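First up is the structure itself, then whatever we jot down about it.
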Amino acid sequence: MAIINQATKELQVKIVYYGPAKSGKTTNLEQIHRDVQIPENTVKGKLTSLATSSDRTLFFDFFPLEAVAIRGFKTKFALFTVPGQAIYNATRQIVLRGVDGIVFVAHSEYERMEENVEALRQMEENLKTLNLNLAEIPLVIQYNKRDLAEVAPVEYLNFVLNNREVEAPTFEASATQGIGVFESLNMITRMLLQKFLKETGRKAI
Amino acid sequence: MDALDGEMRDLLRKSEANLALLVEKAGYLIHQCGSQEAMDSATFATLGSNAFNAVQFMARLVNEGNFTSMYQQGERYSTLMLNVDENALLVLVFPTHLTLGSVKYYATPAALAIGVLIRSASLRVGVNSLDLSDLDPLDIGEIFRGK
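Top line first, the protein sequences correspond to chains W and D.
Each residue of the first sequence is one higher than the one before, starting from 130 at the first, in the numbering used here.
Each residue of the second sequence is one higher than the one before, starting from 5 at the first, in the numbering used here.
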């Protein structure tokens with residue numbers, strides 16, 4: 130749920146990177162944190178990771194990003210990842226609370242397809258528990274790990290994961306190499322800002 | 005916002021806490037009063053809200069409707085998180101020489117008052133609406149660029 134603070138001229142939105150375990154959600158945020166260009170005289174936010182000793186996400190990763198996307202308003206994008214392992218579903222629900230846009234990071238390998246499908250199904254269920262409807266939330270699907278050997282063609286991935294009335298935009302990616310990372314981020318921010326403008330659509334008195 | 009700020013400043017003055025944060029439960033920092041040495045309050049707010057949400061989840065597992073507050077005691081500082089309403093919580097940071105009881109004595113009515121302010125704000129018809137028609141969404145282009 131986007132928050133607009135007229136006193137401080139700030140808009141805050143929440144983007145969650147969701148997907149099965151080891152699909153590259155944290156790598157996306159790490160790449161963004163490492164490479165994002167920020168305006169002069171601003172300080173880059175810190176990437177906060179609550180992870181296990183073996184760097185598996187335990188609760189979430191969080192990275193705040195600022196941009197001027199609406200004239201006269203500072204827009205703060207709160208980027209989160211969820212833990213991907215099956216036992217952490219309760220935690221995923223907590224992180225999804227108030228989400229404005231989702232980047233679903235999927236494995237591209239054939240053998241990981243079942244995990245992708247299960248993660249997508251569980252994501253819809255978690256959103257329903259939070260009284261949210263996936264059809265009403267901006268969604269981008271990232272087919273990550275395209276650099277690996279045994280990857281399914283995009284057409285197959287689309288058929289399995291993006292077979293819906295209104296298809297979500299998709300991006301091929303290799304997050305470890307930074308490919309597809311900013312493209313996915315820019316598309317989700319564009320989608321959620323467009324949705325926000327359409328829904329508010331108020332005029333000044 | 006002025007009323008909210010006044011309420012939170014009053015709370016800090018009475019309770020002698022260092023910092024009061026009004027946090028939306030999705031993790032956004034709505035408003036801050038006071039300061040804490042070398043602290044990223046936005047990240048603190050995000051971590052606090054998620055921790056509080058996790059505890060609410062635990063409450064449901066023990067058939068408890070709501071754990072209304074959460075207290076962490078440290079060696080130099082302690083934190084108290086109080087539920088304001090369905091969407092917001094109040095986070096206080098205070099030195100440990102202050103007792104939880106004394107901080108809570110002032111914080112509980114402050115949280116109620118803040119809840120009333122939020123409720124009345126949400127019921128109010130927008131008098132200072134925004135004109136967002138300035139932005140043509142097709143011009144958003146690339147907001148973020150990598151090096």
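All residues carry an ideal CB built from backbone N, CA and C; glycine is no exception.
Just so it is clear, the structure is predicted and the values come from calculations on it, not from any experiment.
Contact between the region 145–156 of chain W and the region 211–218 of chain W is present: 3 or more CB-CB pairs across the two stretches fall below 8 Å.
In this chain, the beta strand (DSSP E) harbouring threonine 177 of chain W covers 177–180. Interface flag for isoleucine 223 of chain W against chain D is set, since a Cβ pair is found closer than 8 Å. Taking one beta carbon from each stretch, the region 251–258 of chain W and the region 162–178 of chain W have fewer than 3 pairs nearer than 8 Å; the two do not touch. A contact between stretches requires three or more CB pairs, one per stretch, nearer than 8 Å, and the region 98–115 of chain D fails this requirement with the region 41–52 of chain D.
Using a Cβ-Cβ cut-off of 7 Å, glutamate 41 of chain D is close to nothing in chain W; its nearest Cβ partner there is about 16 Å away. For phenylalanine 300 of chain W, the closest Cβ of chain D is not nearer than 8 Å. When 8 Å is used as the limit between beta carbons, isoleucine 34 of chain D is near these residues of chain W: Ile132, Asn134, in chain order. The region 229–243 of chain W makes contact with the region 270–288 of chain W; the number of CB pairs closer than 8 Å reaches 3 or more. Shown here, aspartate 164 of chain W sits in a helix according to DSSP, grouped into three states. With respect to the C-alpha of phenylalanine 189 of chain W, the residue from W:Ala196, W:Tyr217, W:Val165 having the closest C-alpha is W:Tyr217. Under the Cβ criterion of 8 Å, lysine 257 of chain W is not counted among the residues facing chain D. Of all residues in the region 44–63 of chain D, only Asp44, Ala46, Thr47, Thr50, Leu51, Asn54, Asn57, Ala58, Phe61 come within less than 8 Å of chain W when Cβ atoms are compared, listed by chain position. Counting other Cβ atoms within 10 Å of its Cβ, glycine 31 of chain D reaches 16 or more and is therefore classed as buried. When the beta-carbon positions are compared, valine 269 of chain W and valine 228 of chain W stay at least 8 Å from each other. Cβ neighbours of alanine 7 of chain D within its own chain (closer than 6 Å, five residues either side excluded): Leu121. Residue state for proline 298 of chain W is assigned as coil, using DSSP reduced to three classes. Interface residue (Cβ-Cβ distance to chain W less than 8 Å): methionine 5 of chain D is classified as such.
By the criterion of a C-beta distance shorter than 8 Å, leucine 261 of chain W is surrounded in its chain by Leu225, Val228, once the five residues flanking it on both sides are discounted. With its beta carbon at least 8 Å from every one in chain D, glutamine 306 of chain W lies outside the interface. Nearest C-alpha to phenylalanine 71 of chain D among D:Asn87, D:Ser82, D:Gln77: D:Asn87.
Rounded to the nearest whole angstrom, the C-alpha separation of isoleucine 161 of chain W and alanine 297 of chain W is 22 Å. Judged by beta-carbon spacing, proline 149 of chain W lies within the 8 Å limit of asparagine 245 of chain W, meaning their Cβ atoms are closer than that value. Following the DSSP letters along the chain, one finds lysine 18 of chain D inside the alpha helix (DSSP H) bounded by residues 6–19. Taking 8 Å as the upper bound on Cβ-Cβ separation, chain W lies near residues Glu28, Lys29, Ala30 of the region 19–30 of chain D. The criterion of a C-beta distance shorter than 8 Å is satisfied by serine 82 of chain D and threonine 100 of chain D. As summarised for the region 219–299 of chain W, the continuous alpha helix (DSSP H) elements at least 4 residues long and confined to that stretch are 242–258, 283–290, given in chain order.
Distance from the Cα of glycine 10 of chain D is smallest, within the candidate group D:Lys29, D:Val27, D:Cys37, for D:Cys37. The C-alpha of alanine 24 of chain D is placed about 11 Å away from the C-alpha of leucine 33 of chain D. Going by DSSP, serine 82 of chain D is part of the beta strand (DSSP E) stretching over 81–87. When the five nearest sequence neighbours on each side are left out, the beta carbons in the same chain lying within less than 6 Å of the beta carbon of leucine 263 of chain W are those of Glu253, Leu256, in order along the chain. Taking 8 Å as the CB threshold, arginine 226 of chain W lines the interface with chain D. In the DSSP assignment, isoleucine 132 of chain W falls within the beta strand (DSSP E) that extends over 132–134.
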